[in-house]
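The structure under discussion appears below in the form of structure tokens.
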Amino acid sequence: MANPYQLTLKNNSVNPWTFYVYQTVPNQSASNIFSLAWFASPFTIAQGTQITFEWTIDYGFVWGAVGEVTPGVTFNASDCVGADLVDSNTIKFSNNANTPSFSSPAKGSPSGSLVITADNSVPNKKFTVGMSVGGSAAFVMEAGPNLTHHFTPTPTYYIAAGFEVKVGTVLDVTTVNPTQQVIFPDNIYALSYALGTDNRWVSA
Numbered sequence: 035m036a037n038p039y040q041l042t043l044k045n046n047s048v049n050p051w052t053f054y055v056y057q058t059v060p061n062q063s064a065s066n067i068f069s070l071a072w073f074a075s076p077f078t079i080a081q082g083t084q085i086t087f088e089w090t091i092d093y094g095f096v097w098g099a100v101g102e103v104t105p106g107v108t109f110n111a112s113d114c115v116g117a118d119l120v121d122s123n124t125i126k127f128s129n130n131a132n133t134p135s136f137s138s139p140a141k142g143s144p145s146g147s148l149v150i151t152a153d154n155s156v157p158n159k160k161f162t163v164g165m166s167v168g169g170s171a172a173f174v175m176e177a178g179p180n181l182t183h184h185f186t187p188t189p190t191y192y193i194a195a196g197f198e199v200k201v202g203t204v205l206d207v208t209t210v211n212p213t214q215q216v217i218f219p220d221n222i223y224a225l226s227y228a229l230g231t232d233n234r235w236v237s238a
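Using the numbering used here, the letters of the sequence shown map in sequence onto residues 35 to 238.
The structure is reproduced here in structure tokens:
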């Protein structure tokens with residue numbers, strides 16, 4: 035069983051915030067991959083209080099009825115199918131008889147990536163497909179007829195503070211602030227950070 039990761043975020047700033055976590059991948063903008071608020075506090079974090087997010091590195095395929103993906107839109111997964119990077123790393127997405135669905139996952143190429151192939155029954159700007167980590171959607175792309183979507187999990191974690199952010203909110207990662215990259219050293223599975231009065235994140 036995979037080791038669970040924990041990330042504790044404390045608010046030492048003067049303002050209440052929504053704390054959230056997101057991921058990025060290399061060449062993200064060129065690949066038309068959008069980051070989501072992967073985890074988000076379900077309530078505002080008051081001064082002096084904290085929240086802990088916990089997850090395992092388990093991958094999945096997701097789709098949702100979000101057509102045009104733009105920052106601020108919320109993605110809600112209509113289905114999540116478990117995947118792994120070797121034996122269950124490809125899946126087909128179709129909309130036959132106006133019934134969107136995934137096939138069963140199968141082993142395919144390239145190993146190490148998650149691949150979603152949409153058939154010609156999938157219309158433009160009606161559905162979104164993506165990958166989940168730990169049961170929560172992390173990245174999405176707009177689906178379309180006969181498109182193949184590749185997701186290579188080499189995630190980079192970031193923590194952030196904001197307003198009106200919820201799980202699944204589509205982010206413009208170039209404008210998120212205050213934010214901080216989080217790196218888990220080998221064999222370390224729990225980290226803590228605090229947002230200070232200068233609105234900067236520091237290891238706690």
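The C-beta atom is built at its ideal place from N, Cα and C for all residues, glycine as well.
Start and end residues, beta strand (DSSP E) containing Asn45: Segment 39–45, the beta strand (DSSP E) holding Asn45.
Closest by CA to Asp118, which one among Gly98, Thr231, Asn221, Met165? It is Met165.
DSSP beta-bridge partners of Glu176: Glu176 is bridged to Thr162.
With distances taken from CA atoms, which of Gly146, Ile125, Asn130 is nearest Ser137? Minimum Cα-Cα distance from Ser137 among the listed residues Gly146, Ile125, Asn130 corresponds to Ile125.
For a minimum of 3 consecutive residues, which ranges assigned as the beta strand (DSSP E) are wholly contained in the region 70–157? Those beta strand (DSSP E) runs which fall completely within the region 70–157 and span 3+ residues are 84–89, 93–98, 113–117, 124–128, 148–152.
Tell whether a beta-carbon distance below 7 Å holds between Trp97 and Phe127. A contact, by the Cβ cut-off of 7 Å.
Measure the alpha-carbon distance for Thr86 versus Asn49 and round it to whole angstroms. If you draw a straight line from the Cα of Thr86 to the Cα of Asn49, it comes to about 19 Å.
Same chain only: Cβ atoms within 6 Å of Trp89, ignoring 5 sequence neighbours per side: Excluding residues within five positions, the ones whose Cβ falls inside 6 Å are Tyr39, Gly168.
Measure the CB-CB distance between Leu43 and Ile217 and report whether it falls below 7 Å. No, the pair does not count as a contact, with Cβ atoms beyond the cut-off.
Nearest to Ala71 by alpha carbon, out of His183, Tyr56, Asn37? Scanning His183, Tyr56, Asn37 for the CA closest to the CA of Ala71 turns up Tyr56.
If you drop the 5 nearest sequence neighbours on each side, which residues of the same chain put their C-beta closer than 6 Å to that of Ser152? Before going further, note that residue 152 is Ala rather than Ser in the sequence given. Only Phe127, Ala177, Leu181 meet the Cβ criterion.
Taking Gln214 as part of the beta strand (DSSP E), name the residues at either end of that continuous run. From DSSP, the beta strand (DSSP E) with Gln214 extends over 213–216.
Using the Cβ count rule (16 or more neighbours within 10 Å means buried), how would you classify Ile150? Using a 10 angstroms sphere on the CB of Ile150, the tally of other CB atoms reaches 16 or more, which defines it as buried.
For Tyr192, does the three-state DSSP call read helix, strand or coil? In the structure shown, Tyr192 sits in a strand (DSSP, three-state: E or B).
Which residue from Val207, Gly142, Ser147, Pro105 puts its Cα closest to that of Gln62? Nearest C-alpha to Gln62: Val207.
Determine the burial state of Ala131: buried for a count of at least 16 other Cβ atoms within 10 Å of its Cβ, exposed for fewer. A residue is called buried once 16 or more other Cβ atoms fall within 10 Å of its Cβ, and Ala131, having fewer, is exposed.
Nearest-angstrom Cα distance between Val174 and Val163? Computed Cα separation, rounded: 5 Å.
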